[in-house]
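Student: The structure that follows is given in the form of structure tokens.
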Amino acid sequence: MYMQARIEKLVFGGQGLARLEDGRVVFVWNALPGELVELDIIKSKKDHVEAIASKILEPSKERIEPKEGVYLSTSPWQICTPQAELRYKQEIAKEIYQRTGGLTMESDIEMVSGDKDYGYRNKMEFSFVEDEEGNIDLAFFLRGQKKRVAVQGSLLAEEVINEVAQEILQWVRTTEMTTYNLKSLIVRSNGAGKAIAALFIKDKLTFDDYPDLSENFLGFQLYYSTHKSPASVPTMTLYTSGVDHLVSCIFEKQFKFGLHSFFQVNMSVFEQALKDMRSHIDDKKGLVDFYSGVGAIGIALATPGKQTFLVDNNEEAIEFAQENIALNKMSGVHAQCVPSEDIVELITADRSIIFDPPRAGLHKRVVHQVLETLPEKIIYMSCNLSTHARDIALLNEKYEVLFLKLYNFFPRTPHVEGLAVLKRR
């Protein structure tokens with residue numbers, strides 16, 4: 008059915024918001040504020056509609072030509088200028104912190120950006136698709152759909168990622184595998200031109216040969232991943248060669264990390280965030296880094312002579328954290344594999360507390376312990392501004408926001424992260 012809509016604004020998540028004649032809200036990809044667009048409906052619900060703008064009837068002055076034909080799959084904000092992107096993110100963040108967090112703001116929130124709009128990602132996940140002639144290609148899923156579209160790589164990724172992905176694709180084409188066997192490919196790099204990769208397949212297959220490693224392609228793993236799992240989760244290791252980790256340098260410290268453990272994607276922006284965190288840490292106090300991953304925050308900011316605890320529920324991440332403690336010859340730093348909500352006793356008044364949780368935000372037990380023990384400061388980094396604002400509101404009775412800044416970890420996408428420093432009232 009042919010429909011038009013006038014875009015009112017961009018909302019958290021990255022879509023344009025408009026309203027249909029029947030009163031329903033429509034969330035539109037490939038749309039900017041003020042534009043009149045034709046809609047291609049991809050989902051229709053009772054109270055809202057999701058769509059893609061198939062034709063721009065009245066374009067915004069801030070619209071530009073995207074660099075990739077498949078930009079909606081990985082970086083849907085290639086359609087606007089970088090300057091407009093930053094402003095949109097600030098406007099969205101301000102609205103969320105005011106509405107959900109209860110904060111009052113007279114000015115925009117400061118944002119940190121790196122020096123790259125493209126080529127900054129150190130991890131990419133590809134799917135696969137077959138063309139009409141049966142040739143296998145790398146692929147991404149179309150935005151909001153189960154369909155896949157062939158790609159050569161991604162402009163967001165570091166160059167070595169696309170190179171290694173193509174090398175593995177060429178090997179896949181020499182096998183008898185089809186897309187019924189193939190699940191996904193993850194390639195990870197270290198910011199210095201080195202990469203490792205893992206191919207996930209849905210059958211327990213073996214081959215006469217495997218991808219060749221090189222000076223820049225350091226390790227390859229082949230995993231059987233059951234079709235019952237929609238994600239790239241290893242069920243069984245079928246083959247491994249080379250190394251299973253990379254090493255990056257942060258604040259003159261070395262960090263090992265693997266393919267599956269969490270590690271920051273945009274290193275230049277991450278280092279800026281670390282500098283801001285450091286300025287709020289009391290060197291006289293011990294430190295607890297919850298949701299620590301491999302220890303990139305806690306180890307980088309640990310004060311010599313003071314006890315530091317790293318907490319994460321990912322076994323691989325904590326194993327690397329323990330290796331990183333030894334690699335950097337850190338004394339008094341301890342890593343524990345346990346859910347943060349099960350070790351809240353580490354939150355005490357005499358320690359500096361750092362949170363960098365997944366998108367779900369802080370567990371209610373963690374919030375309760377903070378309000379019971381009242382540490383002087385809480386340093387809270389978040390990849391989800393909605394739950395970030397929610398948790399700030401939950402802590403508002405005892406804490407006020409001393410510092411709030413945004414970090415553009417993912418340029419040309421709607422994603423933005425926030426850092427809040429909360430001070431005990």
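For reference, each letter of the sequence shown is one residue, going 8 to 432 in my numbering. Even glycine gets a Cβ: it sits at the ideal position worked out from N, Cα and C. Predicted model only: the values in this text are computed from it and were never measured.
If you reduce the DSSP assignment to three classes, tell me which class Val156 lands in.
Tutor: Looking at Val156 - three-state DSSP - the assignment turns out to be strand.
Student: Using the C-alpha atoms, what's the distance from Val351 back to Leu39?
Tutor: Rounded to whole angstroms, Leu39 to Val351 spans 44 Å at the Cα level.
Student: Which of the three DSSP states, helix, strand or coil, is assigned to Lys62?
Tutor: Looking at Lys62 - three-state DSSP - the assignment turns out to be strand.
Student: Rounded to the nearest angstrom, what separates Pro83 and Gln22 at their Cα positions?
Tutor: Answer to the nearest angstrom: the Cα atoms are 9 Å apart.
Student: Taking the alpha-carbon positions, what's the Gln159 to Val136 distance?
Tutor: Spanning the two alpha carbons is a distance of roughly 12 Å.
Student: Determine whether the beta carbon atoms of Leu334 and Gln261 lie at a separation below 8 Å.
Tutor: Cβ distance < 8 Å, so Leu334 and Gln261 count as in contact.
Student: So, Ile361 versus Asp289, is the Cβ gap smaller than 8 Å?
Tutor: No; because the gap between Cβ atoms is not below 8 Å, this pair is not in contact.
Student: For Ala204, does the count of other Cβ atoms within 10 angstroms reach 16, so buried, or fall short, so exposed?
Tutor: It counts as buried.
Student: Mind checking which residues open and close the beta strand (DSSP E) that includes Ala342?
Tutor: Unbroken beta strand (DSSP E) run through Ala342: Val340 to Cys344.
Student: The alpha helix (DSSP H) with Thr394 in it runs from where to where?
Tutor: Element bounds for Thr394: Leu392 to Leu401.
Student: Would Glu165 pass as a contact of Ser134 if the rule is Cβ separation under 8 Å?
Tutor: For Glu165 and Ser134, no; Cβs fall outside 8 Å.
Student: To which residues of the same chain is Arg128 closer than 6 Å at the C-beta, ignoring the five residues directly before and after it?
Tutor: Taken in chain order, the residues that qualify are Leu163, Ala164 and Val272.
Student: Quick check on Gln152: buried or exposed, where buried means 16 or more other Cβ atoms within 10 Å of its Cβ?
Tutor: Under this definition Gln152 is an exposed residue.
Student: Am I right that Gly226 and Asp210 are in contact with their C-beta atoms under 8 Å? What's the rounded C-beta distance?
Tutor: Not quite, the Cβ-Cβ distance comes to about 22 Å (not below 8 Å), so this is no contact.
Student: Whole angstroms are fine: how far does the CA of Leu27 sit from the CA of Val56?
Tutor: If you take the alpha carbons of Val56 and Leu27, they lie about 9 Å apart.
Student: How big is the Cα-Cα spacing for Leu401 and Leu93?
Tutor: If you take the alpha carbons of Leu401 and Leu93, they lie about 28 Å apart.
Student: For chain D, check one thing: does any of its Cβ atoms lie closer than 8 Å to the Cβ of Leu429?
Tutor: Looking at the structure shown, chain D is missing, and only one protein chain is on hand.
Student: According to the Cβ coordinates, are Asn223 and Val301 closer than 8 Å?
Tutor: Contact: no.
Student: Tell me the rounded alpha-carbon separation between Ala12 and Ser67.
Tutor: The straight-line gap from Cα to Cα measures roughly 14 Å.
Student: Mapping DSSP to helix, strand and coil, what is Phe415?
Tutor: Note that residue 415 corresponds to Asn in the displayed sequence, not to Phe. Strand, per DSSP.
Student: Applying the 10 Å Cβ sphere with the 16-neighbour rule, what's the burial state of Tyr187?
Tutor: Exposed is the call here.
Student: Helix, strand or coil: how does DSSP classify Ser161 here?
Tutor: In the structure shown, Ser161 sits in coil (DSSP, three-state: anything other than H, G, I, E or B).
Student: Could you give the residue range of the alpha helix (DSSP H) that holds Ala328?
Tutor: Counting along the chain, the alpha helix (DSSP H) containing Ala328 begins and ends at Glu322 to Leu334.
Student: Do Lys235 and Phe207 come within 8 Å of each other at the CB atom, strictly closer than that value?
Tutor: No; because the gap between Cβ atoms is not below 8 Å, this pair is not in contact.
Student: Give me, in chain order, the residues of the same chain whose beta-carbon lies closer than 6 Å to that of Thr95; leave out the 5 immediate sequence neighbours on both sides.
Tutor: Reading off the sequence shown, one finds Tyr at residue 95, where the question assumed Thr. Cβ within range, chain order: Leu17.
Student: If you reduce the DSSP assignment to three classes, tell me which class Thr81 lands in.
Tutor: It is helical.
Student: Using alpha carbons as the reference points, say which of His267, Ser114 and Phe258 lies closest to Met274.
Tutor: For Met274, the nearest C-alpha among the options comes from Phe258.
Student: Secondary structure at His234, three-state DSSP: helix, strand or coil?
Tutor: Reduced to three states, the DSSP call for His234 is coil.
Student: Inspect the beta-carbon positions of Leu392 and Gly368 and report whether they are closer than 8 Å.
Tutor: Contact: no.
Student: For Glu28, name the three-state secondary structure that DSSP assigns.
Tutor: Three-state DSSP puts Glu28 in coil, outside helix and strand.
Student: Taking only three categories from DSSP, how would you classify Glu137?
Tutor: In this structure, Glu137 counts as strand in the three-state DSSP scheme.
Student: Provide the residue(s) that pair with Glu424 in DSSP beta bridges, ordered along the chain.
Tutor: BP columns for Glu424 point to Tyr414.
Student: Classify Met112 as helix, strand or coil using the three-state DSSP reduction.
Tutor: Note: Met112 maps to coil in three-state DSSP.
Student: Considering only residues of the same chain and omitting the five flanking positions on each side of Gln228, which have a CB-CB separation below 6 Å?
Tutor: The residues are Ala205 and Thr247.
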